[in-house]
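One structure is given below, encoded as structure tokens.
Protein chains in written order, with the working numbering: chain Z, -18 to 228; chain H, -18 to 228.
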């Protein structure tokens, strides 16, 4: 019998140590909104995205590279004073980004990326590039999926996307799933079943992240994040330079 | 419009601080096997269960109370040398337990109970007393559900029971659920849908805890844990004496 493929999901960065991701392919998910925005930025023609945990580090790089830089990010869901852009995918447009380096800082998404420093490769996933990510992962290698969550809380939208990826890959090849992967897949299957009555964008409105965006007047971003397969690209983190680019 | 009921699920003890549970009704779940075994023990006529995190503390109490004590518990899924009983529900029978104090130590279940020291009340739930727990919680008060997991890993069986309770209570009254509660309910709904083909006991075999029990030759405990509503009792932790009893 052929060996089954191991797929582990971690519903929060804190639930996995960097050593446990060593040498593996890892998918990072922060649907509302970091990974959705990164996909938008690269689809809009940005040369690369440089993710930072700290505002100061981001500002320092932006100063170094001068007018090639676009500073983007958020704290607590709102734009950072002095930055060019917030964390709304709608802001990441070709006219602003073509050929630029997006110097980007968000707390949850960046924290998830930091966990991956020992990984073999790190892909950036959102609903907007779901099928492209699944296709890229069809090699059958061992895989981990790290959900960013929000401030240490598990989020429904990240878990649903993890479950969608697991469900897709498990259709191709027999998989050995950890319990978080089983649960994410179970949850996604319920979401799919309800989707005729209740589209993904409506479900994301019920989540903590969705409610936060509604409360801060950024409800439109939920609909942008829910556009499954809008883009056919897979951003990948170059681990040596710590920049996210298209292949 | 009447206020909606807040129900928060925490998939692991580490995902909630004791202060966040202060003054709330809390349900503790460790399906494989601590809470299942506690329900069995009290159903079998034990006077009370005294839960301890440390083996030494358990042994000290057992010495103090002499032949009224029955020492039970596990480490790493196997019985503790010198203890009367392990952590298999099948061992907790009336002939051994009638009128006794079960001095009980398991890592995961006890750790979940420790989180609840500031709670208003703490109920012990397993699939074997599912409906009795739901009935007891029908008062509509704010509620938290803490899953024990296994050694810091989320477990499918605990999450499914949390989802079953949430689903039942949300049918009675409009609820405001955190994302972990939404996900648990989503996962449970998929489980219910599959249950005609794949009974609960089969699903629990796929989980990490289920595989551990199979590996240690204790597969029968999975079927005991999957007997929904075998008992009509709700064990409750008396917070002053730190003993679990029936009302």
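Note that CB positions come from ideal geometry on N, CA and C, so glycine has one too.
Next on the checklist: Give me the residue from Z:148, Z:188, Z:32 with the minimum Cα distance to residue 173 (chain Z).
Outcome noted: Along the first chain, one-based indexing puts residue 173 (chain Z) at 192. Residue 173 (chain Z) has its Cα closest to that of Z:148, out of Z:148, Z:188, Z:32.
| request: Measure from the C-beta of residue -16 (chain H) to each C-beta in chain Z and report whether the shortest distance is under 8 Å. | output: The count along the second chain starts at 1 and reaches residue -16 (chain H) at position 3. Taking Cβ atoms only, chain Z never reaches closer than 8 Å to residue -16 (chain H), which makes this a no.
### Query
Assuming residue 75 (chain Z) and residue 26 (chain Z) make a contact with CB atoms under 8 Å, what is their CB distance in whole Å?
Residue numbering aside, residue 75 (chain Z) sits at position 94 when the first chain is read from its first letter. Residue numbering aside, residue 26 (chain Z) sits at position 45 when the first chain is read from its first letter. Approximately 5 Å separates the beta-carbon atoms of residue 75 (chain Z) and residue 26 (chain Z); this is inside 8 Å, confirming the contact.
inquiry  = For the pair the stretch -11 to 5 of chain H and the stretch 87 to 104 of chain H, tell me if three or more CB-CB distances fall below 8 Å.
reply    = Three or more Cβ pairs closer than 8 Å define a contact, and the stretch -11 to 5 of chain H meets that threshold against the stretch 87 to 104 of chain H.
*When you compare each of H:156, H:139, H:128 to residue 119 (chain H) by their alpha carbons, which one comes out closest?*
Counted from its first residue, the second chain places residue 119 (chain H) at position 138. Answer by Cα proximity: H:156.
Please classify residue 59 (chain Z) as buried or exposed, where buried requires at least 16 neighbouring CB atoms within 10 angstroms.
Within the first chain, the letter at position 78 stands for residue 59 (chain Z). Taking every protein chain shown into account, the CB of residue 59 (chain Z) has fewer than 16 other CB atoms within 10 angstroms, so this residue is exposed.
Would you say residue 199 (chain H) reaches chain Z, if we count a Cβ-Cβ gap shorter than 8 Å as a contact?
Within the second chain, residue 199 (chain H) is the residue found at index 218, counting from 1. No, no contact with chain Z.
Determine, for residue 8 (chain Z), whether the minimum Cβ-Cβ distance to residues of chain H falls below 8 Å. Start at 1 with the first residue of the first chain, and residue 8 (chain Z) comes out as number 27. Taking Cβ atoms only, chain H never reaches closer than 8 Å to residue 8 (chain Z), which makes this a no.
Separation of residue 158 (chain H) from residue 150 (chain Z), as counted between CA atoms: For the purposes of this step, residue 150 (chain Z) is taken as the residue at position 169 of the first chain. For the purposes of this step, residue 158 (chain H) is taken as the residue at position 177 of the second chain. Rounded to whole angstroms, residue 150 (chain Z) and residue 158 (chain H) show a C-alpha spacing of 30 Å.
| said: Considering Cα atoms alone, identify which of Z:91, Z:-4, Z:46 is closest to residue 18 (chain Z). | reply: Position 37 of the first chain, counting from 1, holds the residue named residue 18 (chain Z). It is Z:91 whose Cα lies nearest to the Cα of residue 18 (chain Z).
Problem set entry | Where residue 10 (chain H) falls: helix, strand or coil (DSSP) | Taking the second chain and counting its residues from 1, one reaches residue 10 (chain H) at position 29. Looking at residue 10 (chain H) - three-state DSSP - the assignment turns out to be strand.
| query | Since residue 32 (chain Z) is in the beta strand (DSSP E), which residue starts that stretch and which ends it? | reply | Mapped onto the first chain, residue 32 (chain Z) falls at position 51. Element bounds for residue 32 (chain Z): 29 to 33.
message: I'd like to check one pair, residue 86 (chain Z) with residue 28 (chain Z): are the Cβ atoms closer than 8 Å?
response: In the first chain, the residue the question calls residue 28 (chain Z) occupies position 47. In the first chain, the residue the question calls residue 86 (chain Z) occupies position 105. No, the Cβ-Cβ distance between residue 28 (chain Z) and residue 86 (chain Z) is not below 8 Å.
*asked:* Distance cutoff 8 Å, beta carbons only. Does residue 1 (chain H) sit that close to anything in chain Z?
replied: Position 20 of the second chain, counted from the first residue, corresponds to residue 1 (chain H). It does not; no Cβ of chain Z falls within 8 Å.
Please classify residue 67 (chain H): is it buried, with 16 or more other beta-carbons within 10 angstroms of its beta-carbon, or exposed? Translated into the one-based positions of the second chain, residue 67 (chain H) becomes position 86. Flag for residue 67 (chain H) reads buried.
Inset, instruction - Taking only beta carbons into account, state which residues of the stretch 146 to 165 of chain H come closer than 9 Å to chain Z, listed in chain order. - result: So the close ones are 158, 159, 160, 161, 163, 164, 165.
**OP:** Within the same chain, show all residues whose beta-carbon is closer than 8 Å to that of residue 0 (chain Z), passing over the 5 residues directly before and after it, in chain order.
**Re:** Taking the first chain and counting its residues from 1, the one referred to as residue 0 (chain Z) is at position 19. Exclusion of the five residues before and after residue 0 (chain Z) leaves 99 as the residues of its chain whose Cβ lies within less than 8 Å of its Cβ.
**Request:** Tell whether a beta-carbon distance below 8 Å holds between residue 11 (chain H) and residue 122 (chain H).
**Result:** Here residue 11 (chain H) corresponds to residue number 30 of the second chain, with the count starting at 1. Here residue 122 (chain H) corresponds to residue number 141 of the second chain, with the count starting at 1. Going by beta carbons, residue 11 (chain H) and residue 122 (chain H) fall outside the 8 Å limit.
If the criterion is Cβ atoms closer than 8 Å, does the pair residue 186 (chain Z) and residue 109 (chain Z) meet it? Sequence index remark: in the first chain, residue 186 (chain Z) carries index 205 (1-based). Sequence index remark: in the first chain, residue 109 (chain Z) carries index 128 (1-based). Contact: no.
- From residue 93 (chain Z) to residue 127 (chain Z), what does the alpha carbon distance come to, in whole angstroms? Looking up residue 93 (chain Z) in the first chain gives position 112. Looking up residue 127 (chain Z) in the first chain gives position 146. A direct Cα-to-Cα measurement between residue 93 (chain Z) and residue 127 (chain Z) gives close to 7 Å.
* **Bridge partner(s) assigned by DSSP for residue 60 (chain H)** => Locating residue 60 (chain H) in the second chain gives position 79, counting from the first residue. BP columns for residue 60 (chain H) point to H:55.
Distance CB(residue 105 (chain Z))-CB(residue 225 (chain Z)) smaller than 8 Å:
Within the first chain, numbered from 1, the residue matching residue 105 (chain Z) stands at position 124. Within the first chain, numbered from 1, the residue matching residue 225 (chain Z) stands at position 244. Cβ distance < 8 Å, so residue 105 (chain Z) and residue 225 (chain Z) count as in contact.
Are the beta-carbon atoms of residue 51 (chain Z) and residue 84 (chain Z) separated by less than 8 Å? The residue you call residue 51 (chain Z) lines up with position 70 of the first chain. The residue you call residue 84 (chain Z) lines up with position 103 of the first chain. Cβ distance < 8 Å, so residue 51 (chain Z) and residue 84 (chain Z) count as in contact.
- Message: Comparing C-alpha positions only, which one of Z:177, Z:33, Z:48 sits nearest to residue 54 (chain Z)?
- Response: Taking the first chain and counting its residues from 1, the one referred to as residue 54 (chain Z) is at position 73. Its Cα nearest to that of residue 54 (chain Z), the residue Z:33 stands out among Z:177, Z:33, Z:48.
- Name the residues in the stretch 113 to 140 of chain H whose C-beta lies less than 7 Å from a C-beta of chain Z; which are they? Cβ contacts with chain Z: 134, 135, 136, 137, 140.
Query raised in the report: Who are the neighbours of residue 171 (chain H) on chain Z, taking C-beta pairs under 9 Å?
Result: Here residue 171 (chain H) corresponds to residue number 190 of the second chain, with the count starting at 1. Taking a Cβ-Cβ threshold of 9 Å, the residues of chain Z close to residue 171 (chain H) are 166, 167, 168, 169, 170, 171, 174, in chain order.
Expected contact under 8 Å - CB spacing of residue 13 (chain H) and residue 138 (chain H) to nearest Å
Against the second chain, residue 13 (chain H) aligns to sequence position 32. Against the second chain, residue 138 (chain H) aligns to sequence position 157. The C-beta separation of residue 13 (chain H) from residue 138 (chain H) comes to about 5 Å, placing the pair in contact by the 8 Å criterion.
Nearest-angstrom Cβ-Cβ length linking residue 114 (chain Z) and residue 218 (chain Z), presumed shorter than 8 Å
Counted from its first residue, the first chain places residue 114 (chain Z) at position 133. Counted from its first residue, the first chain places residue 218 (chain Z) at position 237. The C-beta distance from residue 114 (chain Z) to residue 218 (chain Z) rounds to 13 Å, too long to meet the 8 Å contact threshold.
* Asked: Residue ranges of each alpha helix (DSSP H) run of no fewer than 4 residues wholly in the stretch 81 to 131 of chain Z, ordered along the chain?
  -> If we require 4 residues or more, the alpha helix (DSSP H) runs fully inside the stretch 81 to 131 of chain Z come out as 88 to 95, 111 to 117.
Endpoints, beta strand (DSSP E) assigned at residue 192 (chain H): Taking the second chain and counting its residues from 1, the one referred to as residue 192 (chain H) is at position 211. Residue range 189 to 196 is occupied by the alpha helix (DSSP H) that includes residue 192 (chain H), with no beta strand (DSSP E) assigned at that position.
**Message:** Give me the residue from Z:64, Z:57, Z:23 with the minimum Cα distance to residue 43 (chain Z).
**Reply:** Within the first chain, the letter at position 62 stands for residue 43 (chain Z). Residue Z:64 holds the alpha-carbon nearest to the alpha-carbon of residue 43 (chain Z) among Z:64, Z:57, Z:23.
Next on the checklist: Less than 8 Å between CB atoms is the rule here; does residue 14 (chain H) satisfy it with respect to chain Z?
Outcome noted: Here residue 14 (chain H) corresponds to residue number 33 of the second chain, with the count starting at 1. Among the residues facing chain Z, residue 14 (chain H) is not included, as its CB has no counterpart in that chain under 8 Å away.
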